[in-house]
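Notes follow once the structure below has been shown.
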Amino acid sequence: MLKLMKYEFRKQAFSKLIIAVTLAAMLVLYAVMLIRGNADSAGITIGFIGMAMFIAVIFVAFECLSTYSKDLKTKQSYMLFMLPKSPRSILLSKILASAVQVIAILAVFTVVMFICTAAFVARFDDIVAFINDLLDILFNAKLSDIINIRIVLRGIILTFTLWLFLVTLALFVTTLANTVMNGSKFMTLVSVIAYFVFSIIIDKIESAIAYCLLGDTVGGGLYLLVCTVFYFIVDIALFFATSWLIDKRLSV
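So the sequence shown is numbered by my numbering: it starts at 1 and just counts up by one.
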């Protein structure tokens with residue numbers, strides 16, 4: 001598994017270099033605005049860094065699909081599926097590699113944005129007051145008074161489950177299209193249409209189940225739980241369905 005993940009990391013290394021160079025360029029621009037004392041431009045740059053974080057996360061998911069599609073189409077890459085590894089192991093390594101990259105990107109960008117914010121306060125505001133307020137929050141206030149930890153954790157789990165749904169659905173649709181329309185020039189178009197059709201159908205099913213269980217109640221912890229469980233089951237089903245297609249139906 002680790003070897004397969006390392007293989008995925010190597011295939012996607014260049015894109016991470018692009019993300020790193022982009023972040024570095026934005027930090028240089030931010031440093032220039034900070035030195036010049038341009039508070040408005042420095043604040044806008046921090047906002048752009050935040051936007052870049054979300055774009056990078058989406059890009060990683062898209063790249064996972066792109067490399068997988070290439071693995072299915074080219075004979076050289078298709079040799080990956082000739083390894084003495086089960087299709088489930090290969091798919092899982094791709095998903096895990098993508099997830100690790102997403103977590104790493106979120107962690108790096110979060111740290112960078114915190115440092116940039118602290119530098120902004122130090123340059124344009126009272127850094128002493130900022131530190132005092134931060135220490136007061138950390139040591140005097142109860143964390144439960146600031147945020148609802150249970151709701152935040154549920155939100156994080158649901159967000160990850162939905163991200164996993166987007167990835168597994170894309171992998172399933174790509175595999176299905178390659179199985180049914182192998183070599184067709186309309187395969188990409190059909191894959192995109194099928195992706196949105198499946199997404200709408202699954203969303204309607206989720207809404208119907210939530211309505212049957214909860215009625216008109218929307219939001220809240222119970223609704224988040226129902227959504228999380230539903231999409232987790234769908235993720236597993238899509239994962240095994242894709243593995244089955246690769247193992248039984250995919251033609252070289």
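Positions of the beta carbon are idealized from the N, C-alpha and C atoms, including for glycine. Since the structure is predicted, the reported quantities are computational estimates derived from the model, not experimental observations.
Length of the line joining the Cα atoms of residue i and residue j
i, j, result
"V253", "G37", "An answer regarding residue 253 cannot be provided, because it is not within the stretch 1 to 252 covered by the chain."
"S66", "A122", "43 Å"
"V234", "A210", "15 Å"
"A52", "V112", "12 Å"
"K3", "A56", "24 Å"
"V32", "A118", "16 Å"
"T174", "S41", "42 Å"
"V21", "F14", "11 Å"
"S69", "T188", "10 Å"
"E8", "G215", "44 Å"
"F198", "V28", "43 Å"
"L225", "F54", "25 Å"
"F196", "W244", "22 Å"
DSSP-derived helix/strand/coil call for residue i
i, result
"S86", "coil"
"F186", "coil"
"N178", "helix"
"G155", "helix"
"I12", "The displayed chain sequence assigns Gln, not Ile, to residue 12. Coil."
"G37", "coil"
"L17", "helix"
Test item: CB-CB of residue i and residue j under 9 Å
i, j, result
"I236", "I90", "no"
"I205", "F165", "no"
"L92", "F172", "no"
"F109", "L23", "yes"
"F120", "L34", "yes"
"Y223", "C116", "no"
"M26", "V100", "no"
"C64", "K16", "no"
"F232", "R88", "no"
"D202", "L169", "Note that residue 202 corresponds to Ile in the displayed sequence, not to Asp. Contact: yes."
"I19", "I103", "no"
"S98", "A39", "no"
"L96", "N178", "no"
"T228", "I157", "yes"
"V190", "M181", "yes"
"L176", "A194", "yes"
Closer than 9 Å to chain D by CB, residue i
i, result
"T110", "Any reference to chain D falls outside this structure, which holds one protein chain only."
At what residue ranges does the region 213–246 contain a whole run of the alpha helix (DSSP H), taking only runs of 4 or more?
-> 220–244
Can you check the region 46–75 for any beta strand (DSSP E) of at least 3 residues that lies completely inside it and give the ranges in chain order?
-> none
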